[in-house]
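Taking it in order: structure first as structure tokens, then the write-up.
Number of protein chains: 4
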Amino acid sequence: MRDVVEIGLGKTAQRGYHLDDIAIVPSRRTRDVDDVSTAWQLDAYQFGIPCVGHPSDATMSASSAVRLGQLGGLGVLNVEGLWTRYENPAKVLEELAGLDEDARATKRLQEVYAEPIRPDLIAERVRELRAGGGTVAVRVSPQHTLALAPVILDAGVDILVIQGTIVSAEHVSTTDEPLNLKEFIADLDLPVIVGGCTDYKTALHLMRTGAAGVIVGIGGDDWSTTESVLGIRVPMATAIADAAAARRDYLDETGGRYVHLIADGDIQTSGDIAKALGCGADAVMLGEALSLCEEAPAGGAWWHSAASHPSLPRGAFEVAGEPLGSMERLLFGPADEPDGQLNLFGGLRRAMAKCGYRDLKEFQKVGLVLDR
Amino acid sequence: MRDVVEIGLGKTAQRGYHLDDIAIVPSRRTRDVDDVSTAWQLDAYQFGIPCVGHPSDATMSASSAVRLGQLGGLGVLNVEGLWTRYENPAKVLEELAGLDEDARATKRLQEVYAEPIRPDLIAERVRELRAGGGTVAVRVSPQHTLALAPVILDAGVDILVIQGTIVSAEHVSTTDEPLNLKEFIADLDLPVIVGGCTDYKTALHLMRTGAAGVIVGIGGDDWSTTESVLGIRVPMATAIADAAAARRDYLDETGGRYVHLIADGDIQTSGDIAKALGCGADAVMLGEALSLCEEAPAGGAWWHSAASHPSLPRGAFEVAGEPLGSMERLLFGPADEPDGQLNLFGGLRRAMAKCGYRDLKEFQKVGLVLDR
Amino acid sequence: MRDVVEIGLGKTAQRGYHLDDIAIVPSRRTRDVDDVSTAWQLDAYQFGIPCVGHPSDATMSASSAVRLGQLGGLGVLNVEGLWTRYENPAKVLEELAGLDEDARATKRLQEVYAEPIRPDLIAERVRELRAGGGTVAVRVSPQHTLALAPVILDAGVDILVIQGTIVSAEHVSTTDEPLNLKEFIADLDLPVIVGGCTDYKTALHLMRTGAAGVIVGIGGDDWSTTESVLGIRVPMATAIADAAAARRDYLDETGGRYVHLIADGDIQTSGDIAKALGCGADAVMLGEALSLCEEAPAGGAWWHSAASHPSLPRGAFEVAGEPLGSMERLLFGPADEPDGQLNLFGGLRRAMAKCGYRDLKEFQKVGLVLDR
Amino acid sequence: MRDVVEIGLGKTAQRGYHLDDIAIVPSRRTRDVDDVSTAWQLDAYQFGIPCVGHPSDATMSASSAVRLGQLGGLGVLNVEGLWTRYENPAKVLEELAGLDEDARATKRLQEVYAEPIRPDLIAERVRELRAGGGTVAVRVSPQHTLALAPVILDAGVDILVIQGTIVSAEHVSTTDEPLNLKEFIADLDLPVIVGGCTDYKTALHLMRTGAAGVIVGIGGDDWSTTESVLGIRVPMATAIADAAAARRDYLDETGGRYVHLIADGDIQTSGDIAKALGCGADAVMLGEALSLCEEAPAGGAWWHSAASHPSLPRGAFEVAGEPLGSMERLLFGPADEPDGQLNLFGGLRRAMAKCGYRDLKEFQKVGLVLDR
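Sequence lines, in order, name chains A, B, C and D.
full-length UniProt numbering numbers the first residue of the first sequence as 1 and each following residue consecutively.
full-length UniProt numbering numbers the first residue of the second sequence as 1 and each following residue consecutively.
full-length UniProt numbering numbers the first residue of the third sequence as 1 and each following residue consecutively.
full-length UniProt numbering numbers the first residue of the fourth sequence as 1 and each following residue consecutively.
Next comes the structure, spelled out in structure tokens:
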């Protein structure tokens, strides 16, 4: 079954599958689309759609995060992004929105992100989120969690997202005191989402830290250059399915603790969302897909947070085009183009109906075909 | 044998094959092309070629359906298309034929299909078909079958095609009274073709409804965007072969009821027709391939019926080019381009001859090679 | 070992490999390039290189066939081509050489090949070949063999090539008296090469007809459209290796009759030649590759004989470019471009040396890697 | 496990994997990037990075080789290149740097390399290397080793690199007295690196000659045309892993002699470096990747030494573009583009950290996924 190949004598590799490699197979039953639910619940927080906004500056500002919450998803603001480096990043964002293909965009990103993070602005941004009235969630990197957590917690958030490109439950350092996730989470009284991770073992270890959610994947989309820079690439279908196995095993070992899986990578269309959930994810994190709506802060430009790294940037800058429509239209349609970028969750709902499923948990059992 | 891979721990996928993945292998015998028959019979109706016209407005009008019948195939008119929404759709078709790459074609399709269906026009179109003198067949969607069937049956058709993008024998709904295919078909005294379906089990269940023919596939061609929108994609070679297994099993369980398989998807050339039949189909449904003939209603433009869905359109609009020739020439040649788009059934006949087969049923046993 | 996959329930396909799918693996020994022999012998005829000119009008005229013989290969003239339809085809060839991408080339081919074959010109062309002083070989199609053989044999040829796109040892016809290859060959006192075929069984049956050589493949190169038109495609590496198995089995069953395999298809470069021979071929048939030399009759244009079929043409017309060099330079270099199109047999010789082999028969055992 | 497929009846091929086919899988531990070491030691010579400069004229001059040594790598000068054919090759290099896409570059390479090698210039170049103060290494071809070794050894080098496109431990010739590598190396008192080779057996035999390092691969990058010309292609992941198995077996058979593997081929980015080392290489040889730095002798143009072969050139000429930065910046960053061409060894270091490894030897055990 598990496809392990021998690359050369004595050196093996597991075969991994991308979301593009698979497709959903309808089963013998179909269902009325109005009888399908896309509801998702994380800890005490309920959501109409299994959608987490990617904490990248091109997608999530305080206001777009609030808007996503109003529409049923979970907005997440990056406390290490432009909004906490600039009192008013509007001018910077406008400039980035205006960059064209010829611009040295990565260089410019490095420059604007060289500005230091201001703790006072973190508190200010959380207040803005709180004023929006929905669930308040911010993202911090593992490296800065110990330093920034006090400010964040004082400001009062509902959900904390600790996200780096690759996060493990055991970070080794001889110079810094590394973050002990398990102790850190145990001391908190709010749900923590942590990741991304790419394999069963890391997912299981992250679950054991007490996290309420684990991010699977490292945002490895078309624009990603992680394979060129680090040699690392995540076949998302395999990563999600492996993490789902870890979720089952952890559920058994704890006698019932269910940790949610949030898939982050290779998800651009409603079809991709359906596939990710069909592989076992509980929700999806949408970055570039949401950067194309009218409410997006950078006018349709897109860059991942790793794209501004000062010495080893990863991830291409995607220049802005015409927005596809309002966030509501991106999420719920109507679509007037047939490419799967509009009506993202209407498409999911219909896919579930075509396969005869009622809710997201059931839909994780949908049949798959390998067709590439 | 059956290739089931483990996508991730505990999550499997069956490997599926497209028509493009396979090719036909000639056997040790060859046969004179004049000794080969492409005849096909469905219920009491006989056809010179195993060709069903796809009930899409770009391919089938009453007159092009009649013409296909005259040439030996089975024309099918969509009773939910433009011809039953407009007394005279000529102007609409002319406009669609003139759209170019830059047009917001999907949006325009949505607009022109917003016009309601008129039952009186259904009766009128059936009369036009009947006047043509051949076998009369129309298509209705499963959702509208109960409402429209009386009008259709009153008007008097020979064959009824109940076709949706994905049809199951068991549609579940808490709001509407769903169509019970088995009861509906039992009450009719005319042959019914039903589909599309994509797997063994659904095919078998559809056969058990009493259908005379089952459509395999959902028209998943190059222009299709179903994978982007719904995450669903049908590897046609596998879908056809699986449905052929269902046909054998159903033949056995009924002691002799043979249900015909009509392949709909990924069939553009004479080579594709040969492959689909070689995988086990009894006939092919041709949509875009026939939209390129001079008799096609939209001057060479092509769109699938799902492409005009008001909130979740699926399928790209293909703008019109120069027609390739008359319908007769598309079907029987002579070809003066070597790309397999002309002389579709002359190509099939020659493929059968090169492999030494006499008729279509024999040809279903042809050897295949996996060459991608 | 043998990779047979189940396309769908109960329908299998053998996995086939193209020459592009494989590469040669050097072994632990290397050899001086001057110690390597590329000599080939068919019946009593000896050749310096295992090279047969493809009997297509774009490659082989009487004079280019003679030239190929002088350079160590075997030229073959098509007695059903332009040279036997036109007393002087120079003007026709010039016109074809001048066609550009926009021309309806296939249509024009059909027109010029509509001219009937003149038996007197067959005799005349054989005399021209004979006058050249080398081995005289002509190609006739299976359909016309009975009619044209008397003329050909009277004119006096050394080797007869009976070649169609797909040839079997058992052609069935209810209208014509089909050619019985076995009886036909038994009555001749000259070696016959017959093909193309694509599988073990047909190859074995063709060997049993008494042929001295069997052509493997149907010229299925980049320009081929046989898959689009007929659904047939030949993975050449597999076809050659399977035919080589038939050669071994036939050698055993006859106690020593060795039938030569001539590979025809997917061979454009010296690397392709090395791969085809490494898979087990005894010689290669070069069509388009030789159409690029200065001596080629159509100035660098290329078309396969099937490309002029009156109702079902197969094979794209390749417009003429600048010739790459003289035939001698194409065969033996020196090359001044690194793309494998020049110094075809110098490249073969070096490949053999890099792998430590002395002669062609040994080289059939070279190690292969599957690398696509 | 080992994937051996039957190409055709009785003819097998091993399945080979390219570096592009695989990716690195982070394990459950991560590590501080400052705790990671990229140190490499060959015999008595220590290097800060596992980087060998490819002895091609477009990458290595005496001065760029010295510069590479200062930066922690091993520069290697080709004693059969332009520097030993021309007293001052500056003008030739300038011309080559100025060639554009339309130039007949291969032809021009053949002309400039027609100049004979001057032994006095070999001695002169070694003196220049020696004056640089670092480890002195030169490359000679197997064919010219016996003739040129005395000059080289007299001039005084630290490491000798005997490199041809494909080198075996047993070269057979009836005309020349071939180089006996084992005897030749035994007589030397300096470490020898020899290659390239492509399989386990050849690697093992080359280790048994007493070499300190074995080159795996034949520089089979994007620009390579070896497959077109010779039919030979090396799947690098498999070649490296197989050679690593030979290294283990040779270590065992000698009771502790560790021969270093230097990977040469398909390595353009920091991600490729990480993958090659993850497959088992001890160091990488960088050719085109380093030809893009400001210190490169040909202004950013690139050609492999085989590209100037007088009758059978292999390898495309890559025209010069704008240099990407200084050699230091290419090796250690900072990068301001995210494509993996800058900060080559910073990228490696971070990949090792993301996977939790401390040093290169440990990193050879990193997990791999097959993802194409």
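We put the beta carbon where it would ideally sit given N, CA and C, even for glycine.
Note that the structure is predicted; figures quoted are calculated from it, not measured.
Under 8 Å between C-beta atoms of residue i and residue j
i, j, result
"Gly-219 of chain D", "Ile-185 of chain D", "no"
"Ile-49 of chain A", "Leu-368 of chain A", "no"
"Leu-129 of chain A", "Ala-169 of chain A", "no"
"Lys-365 of chain D", "Pro-26 of chain D", "no"
"Leu-71 of chain C", "Glu-328 of chain C", "yes"
"Gly-231 of chain D", "Ala-237 of chain C", "no"
"Asp-272 of chain A", "Leu-19 of chain A", "yes"
"Val-138 of chain C", "Val-126 of chain C", "yes"
Residue i - DSSP class collapsed to helix/strand/coil
i, result
"Val-138 of chain C", "strand"
"Phe-317 of chain A", "coil"
"Met-1 of chain B", "Reliability fails at Met-1 of chain B, whose pLDDT of 48 lies under 50, so the model's placement of it is uncertain and no value is given."
"Trp-40 of chain D", "strand"
"His-205 of chain C", "helix"
"Phe-345 of chain D", "helix"
"Tyr-17 of chain A", "coil"
"Met-60 of chain B", "coil"
"Val-366 of chain C", "coil"
"Ile-7 of chain D", "strand"
"Ile-277 of chain D", "It is worth fixing the name first, because residue 277 of chain D is Leu in this sequence and not Ile. Residue state, collapsed to three classes: helix."
"Trp-302 of chain D", "strand"
"Glu-227 of chain D", "helix"
Partner residues on chain F for residue i, Cβ-Cβ distance less than 7 Å
i, result
"Val-369 of chain A", "This model lacks chain F altogether, as its protein chains are A, B, C and D."
Span separating the alpha-carbon of residue i from that of residue j
i, j, result
"Asn-88 of chain A", "Ser-311 of chain A", "26 Å"
"Ala-203 of chain A", "Ala-246 of chain A", "6 Å"
"Leu-148 of chain C", "Val-76 of chain C", "16 Å"
"Thr-59 of chain B", "Gly-156 of chain B", "22 Å"
"Ala-103 of chain A", "Asp-34 of chain D", "32 Å"
"Gly-213 of chain A", "Pro-191 of chain A", "8 Å"
"Leu-342 of chain C", "Thr-198 of chain C", "28 Å"
"Asp-339 of chain D", "Ile-166 of chain A", "19 Å"
"Thr-30 of chain B", "Glu-362 of chain A", "53 Å"
"Ser-56 of chain B", "Glu-288 of chain B", "9 Å"
"Glu-322 of chain C", "Gly-300 of chain B", "38 Å"
"Asp-189 of chain D", "Met-207 of chain D", "16 Å"
Beta-carbon separation (whole angstroms), residue i vs residue j, contact threshold 8 Å
i, j, result
"Ala-97 of chain C", "Ala-298 of chain C", "5 Å"
"Val-216 of chain A", "Ile-240 of chain A", "5 Å"
"Ala-13 of chain D", "Leu-370 of chain C", "4 Å"
"Arg-85 of chain A", "Glu-115 of chain A", "4 Å"
"Gln-268 of chain A", "Asp-221 of chain A", "7 Å"
- Going along the stretch 170–195 of chain D in order, which residues come within less than 8 Å of chain C, judged by CB to CB distance? Glu-170, His-171, Val-172, Ser-173, Thr-174, Thr-175, Asp-176 and Pro-178
- Message: Please identify, using Cβ separations under 8 Å, the residues of the stretch 267–289 of chain C that lie next to chain D, in order along the chain.
- Response: Thr-269, Ser-270, Gly-271, Asp-272, Ile-273, Ala-274, Lys-275, Gly-278, Cys-279 and Gly-280
- Query: Quick one, which residues of the stretch 20–31 of chain B are near chain C if we go by CB-CB under 8 Å, in chain order?
  - Reply: Ile-22, Ala-23, Ile-24, Val-25, Pro-26, Ser-27, Arg-28, Arg-29, Thr-30 and Arg-31
- Identify each residue in the stretch 108–124 of chain B for which the Cβ-Cβ distance to at least one residue of chain A is less than 7 Å, and report them in chain order. Gln-110
- chain D contacts from the stretch 294–315 of chain A (Cβ-Cβ distance under 9 Å): Ala-306, Ala-307, His-309, Pro-310, Ser-311, Leu-312, Pro-313, Arg-314 and Gly-315
- Task: Give, in chain order, every residue of the stretch 211–242 of chain C whose Cβ lies closer than 7 Å to some Cβ of chain B.
- Result: Thr-225, Glu-227, Ser-228, Val-229, Leu-230, Gly-231, Ile-232, Arg-233 and Pro-235
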